[in-house]
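Peer 1: If you read the sequences in order, they're chains A and B. In case it helps, the working numbering puts the first sequence at residues 44 to 289. In case it helps, the working numbering puts the second sequence at residues -8 to 281. Quick one: this structure, given as structure tokens, is what I'll be asking you about.
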Amino acid sequence: MKRRVFVASSMAAALAGCAKVTNGLNDWQAIHPVLETANTLDQAVIGTRGWAKLYRPQDVTVDYPVNGLDTPQQPEYVALLQDDFSSYHLPVAGLVEHPQSFTLRQLRALASLDQITRHDCVEGWSVVGDWRGVPLGSFLQLVRPKPEARYVVFYSYDHDSGGQQFYGSLDLQQAAHPQTQLALDLNGKPLDAAHGAPVRLRIPTQLGYKSTKWIRNIQVVSSFAGIFGGRGGYWEDNGYAWYAGV
Amino acid sequence: MAGMDATAGPTPAPATTRTSEPGTVVYRHSITTRLTHWVAFVSILVLVMSGLQIFNAAPYLDASDKSDPAHRVLAFDGQDAPGGGSIGTTTIFGHAFTTTHWFGYTDDGQGSEAVRAFPGWITFPGYQDLAGGRSWHFFFAWVMVLAGVAYFAAGAIRKDLALLILRPSDVPKLWPMQAYYLKLRKEPPDHGKYNPLQKAGYTLVLFVLAPFVVITGLALAPGFDAIAQPIVTLLGGRQFARTWHFVSMLLLVGFFFGHVFLVASTGLFNNMRSMITGTYRLGKHEGTGP
């Protein structure tokens, strides 16, 4: 009996040592830029090309899941929600020839892209939704990005519990992919607050964390320097890869 | 090619596979083979552990395209037990097993226990960190693939990769070799550099399982799916691909343990030396040819 306890406890100690080693390696900050070279390779090899699968209406997930908080609690957003987004407008600024602000009505008039696509979450699950909205590529043509423009940054109304604003970004090529859209409707109804109302990003060729919800404003930039953590997005600033096609 | 001509000749095939006398020390593994072998060892270790870390973020597997509880083949759950404490459950094809402290409710990698599928001592990192797990997984996926390409290229150039491919002429020797391992037979059948069972195992792992684990992993990437839709369809959809990726991992881990057992039980020193310095002492009935 004593022998068994000894064997069991030394095994437990060895196993706890496993976690100590892997935790230590993961906490080693200098290794992460090395690991991220793989993401650059992934983007070079896979990129944002081809065509995400289109589904049939009967494939749609009725109870579309939501990750995290259901509704932003920021007063600015709560006020908009209360007046049913009637005063909402979406400013697009930065490195563009024609900075503009779009009302929801204007956006609805541009919402020509209705596609039933699969949404793959970074956690591993997949759902299918019918998304209707504005094709981002043609939308950006309205404001005319300047030659030095490289990225489109989407700022959200939402903040995390520490007060950090959510945001995300795509490069111009990813933004111009014909399936990338500023979504307004999900499954035939205007987006509800939980799913990103009134406007969210939808990019079916990448994982869900790239699809910024509750878009407040859009900025076209040449680099991420000076934007929060400088890695191009809230999730990216928290260790996730910028290219989420894998 | 010379070896093949010899086996096709008038002399009996078994004798020609032995090109050296037993006890001869030969140069068995090239530097590329040895290097890529150890790179693969580290890569597979990190890939399996970081893969389980990633799995923990959605601790279930479906045999479907989108997530669908009606097609769930594996699920881990943890919940509070009535009367205090917590229980971990593993559900396989609808059959629930209590696996507290092992799966479902287990080691959190930080000296305590939590609701999570795989324990911290088998994930990379030990604590729950999806972003970190993904970084390690994708980096070592590239290391593994590049090592594999180097191995295949070097083997093709040196023409010794062919020595481990199972041929029709090896098939009748599969059972005698297995019988030898089971001690039902005193002597192994005459063979070349690799015995028939090794050839079967390596052929399966290198030419079937390895490409399959890569393809099923790629099929989880939405960017890859957009350029290779038919592959995902062939696998039964994205969640099904996730299930296949997991199954191929289990098979590779099974191969790993079998491999380590055989390395240890068929002359640990000699085998390890051949994969470190390259030199190897031939056994009875063992040669260097095909």
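All C-beta atoms, glycine included, are put in the ideal place defined by N, C-alpha and C. All values reported here derive from a predicted model rather than from experimental measurement.
Looking at G14 of chain B and the ligand MN, is the gap between the Cβ and the nearest heavy atom below 7 Å?
Peer 2: With respect to small molecules bound, the structure shown includes none, and the ligand MN cannot be examined in it.
Peer 1: Quick one: grab the DSSP three-state call for K253 of chain A.
Peer 2: Locating residue 253 of chain A in the first sequence gives position 210, counting from the first residue. Looking at K253 of chain A - three-state DSSP - the assignment turns out to be helix.
Peer 1: Given that Q230 of chain B touches chain A, what residues does it touch there, using C-beta distances under 7 Å?
Peer 2: Locating residue 230 of chain B in the second sequence gives position 239, where the first residue counts as 1. Near Q230 of chain B (Cβ distances below 7 Å), the residues of chain A are S169.
Peer 1: Return yes when the Cβ of Y194 of chain A is within less than 8 Å of the Cβ of F267 of chain A, no when it is not.
Peer 2: Here residue 267 of chain A refers to the residue found at position 224 when the first sequence is read from its first residue. Here residue 194 of chain A refers to the residue found at position 151 when the first sequence is read from its first residue. Their beta carbons are under 8 Å apart, which means F267 of chain A touches Y194 of chain A by this criterion.
Peer 1: Less than 8 Å between CB atoms is the rule here; does S126 of chain B satisfy it with respect to chain A?
Peer 2: Translated into the one-based positions of the second sequence, residue 126 of chain B becomes position 135. Yes - at least one Cβ of chain A is within 8 Å of the one on S126 of chain B.
Peer 1: Keeping to the same chain, check which residues put their C-beta closer than 8 Å to that of T270 of chain B; ignore five residues upstream and five downstream.
Peer 2: To locate residue 270 of chain B, count along the second sequence from 1; it is residue 279. These residues qualify, in order along the chain: V16, V17, Y18, R19 and R264.
Peer 1: Can you pull the DSSP bridge partners for A66 of chain B?
Peer 2: Working through the second sequence from its first residue, we reach residue 66 of chain B at position 75. Bridge partners of A66 of chain B: B:Y51 and B:T82.
Peer 1: Which residues in chain B have a C-beta closer than 7 Å to the C-beta of D163 of chain A? List them in chain order.
Peer 2: Walking along the first sequence from the start, residue 163 of chain A turns up at place 120. Per Cβ cutoff of 7 Å: P213 and R229.
Peer 1: Tell me the DSSP secondary structure of E119 of chain A in three-state form.
Peer 2: Taking the first residue of the first sequence as 1, we reach residue 119 of chain A at position 76. E119 of chain A falls in the helix class under three-state DSSP.
Peer 1: Looking at the secondary structure, which residues open and close the alpha helix (DSSP H) in which Y142 of chain B lies?
Peer 2: If you number the second sequence from 1, residue 142 of chain B lands on position 151. That run of the alpha helix (DSSP H) goes L121 to R149.
Peer 1: A287 of chain A and Y252 of chain A: beta carbons closer than 8 Å?
Peer 2: Counting from 1 along the first sequence, the entry for residue 287 of chain A is found at position 244. Counting from 1 along the first sequence, the entry for residue 252 of chain A is found at position 209. Cβ atoms of A287 of chain A and Y252 of chain A: closer than 8 Å.
Peer 1: Along the chain, where does the beta strand (DSSP E) containing L229 of chain A start, and where does it finish?
Peer 2: Taking the first residue of the first sequence as 1, we reach residue 229 of chain A at position 186. Its beta strand (DSSP E) spans residues Q224 to L229.
Peer 1: Would you grab the beta carbon distance between L52 of chain B and T234 of chain B for me? Rounded to a whole angstrom, and I think it's under 8 Å.
Peer 2: As a working mapping, residue 52 of chain B is identified with position 61 in the second sequence. As a working mapping, residue 234 of chain B is identified with position 243 in the second sequence. Confirmed, about 4 Å.
Peer 1: Three Cβ pairs or more, each shorter than 8 Å: is that satisfied between the region 120 to 128 of chain B and the region 53 to 73 of chain B?
Peer 2: Segments in contact, no.
Peer 1: Out of A:S169, A:T146, A:P142 and A:R243, point me to the one whose CA is closest to L179 of chain A's CA.
Peer 2: Taking the first sequence and counting its residues from 1, one reaches residue 179 of chain A at position 136. Of the candidates A:S169, A:T146, A:P142 and A:R243, the one whose C-alpha sits nearest the C-alpha of L179 of chain A is A:R243.
Peer 1: Are the beta-carbon atoms belonging to V204 of chain B and H236 of chain B less than 8 Å from one another?
Peer 2: Numbered from its first residue, the second sequence carries residue 204 of chain B at position 213. Numbered from its first residue, the second sequence carries residue 236 of chain B at position 245. Contact flag set, yes.
Peer 1: Just to confirm before moving on: does the CB-CB distance between L147 of chain A and V177 of chain A stay below 8 Å?
Peer 2: Taking the first sequence and counting its residues from 1, the one referred to as residue 147 of chain A is at position 104. Taking the first sequence and counting its residues from 1, the one referred to as residue 177 of chain A is at position 134. Taking 8 Å as the Cβ cut-off, L147 of chain A and V177 of chain A do not qualify as a contacting pair.
Peer 1: R274 of chain A to D280 of chain A, Cα distance in whole Å?
Peer 2: What you label residue 274 of chain A is simply residue 231 of the first sequence in a count that begins at 1. What you label residue 280 of chain A is simply residue 237 of the first sequence in a count that begins at 1. Whole-angstrom Cα-Cα distance: 6 Å.
Peer 1: Is it true that the region 273 to 280 of chain B meets the region 205 to 217 of chain B, where meeting means three or more beta-carbon pairs spaced less than 8 Å apart?
Peer 2: No: the two stretches stay apart, fewer than three of their Cβ pairs being nearer than 8 Å.
Peer 1: Tell me which residues share the same chain as V165 of chain A and place their Cβ nearer than 6 Å to its Cβ, disregarding the 5 neighbours each side in the sequence.
Peer 2: Counting from one through the first sequence, the residue named residue 165 of chain A turns up at place 122. Contacts found: L250 and Y252.
Peer 1: When the cut-off is 8 Å and only beta carbons count, does G100 of chain B lie next to chain A?
Peer 2: Within the second sequence, residue 100 of chain B is the residue found at index 109, counting from 1. It does; some Cβ of chain A falls within 8 Å.
Peer 1: Determine which residues of the region 261 to 275 of chain B have a Cβ less than 8 Å from any Cβ of chain A, and write them out in chain order.
Peer 2: Going along the region 261 to 275 of chain B in chain order, one finds no residue with a Cβ nearer than 8 Å to chain A.
Peer 1: Since R92 of chain A meets chain B, which of its residues come closer than 7 Å, beta carbon to beta carbon?
Peer 2: The sequence position of residue 92 of chain A within the first sequence is 49, counting from 1. Those within 7 Å of R92 of chain A in chain B are A217 and I218.
Peer 1: If you drop the 5 nearest sequence neighbours on each side, which residues of the same chain put their C-beta closer than 8 Å to that of M(-5) of chain B?
Peer 2: Position 4 of the second sequence, counted from the start, is the residue given in the question as residue -5 of chain B. Note that M(-5) of chain B scores a pLDDT of 42, beneath 50, so its modelled location is shaky and nothing firm can be said.
Peer 1: Leaving out five residues on either side along the sequence, give the residues of the same chain with a beta carbon under 8 Å from the beta carbon of I159 of chain A.
Peer 2: Locating residue 159 of chain A in the first sequence gives position 116, counting from the first residue. Same-chain partners within the cutoff: L97, Y98, R99, P100, D102, V103, V171, G172, D173 and W174.
Peer 1: Apart from the five residues just before and just after A72 of chain B, which ones in its own chain have a Cβ nearer than 6 Å to its Cβ?
Peer 2: Residue mapping note: residue 72 of chain B aligns to position 81 of the second sequence, counting from 1. Correct list, in chain order: I78.
Peer 1: Comparing the C-beta of T255 of chain A with each C-beta of chain B, is any distance below 8 Å?
Peer 2: Position 212 of the first sequence, counting from 1, holds the residue named residue 255 of chain A. It does not: the Cβ of T255 of chain A has no partner Cβ on chain B nearer than 8 Å.
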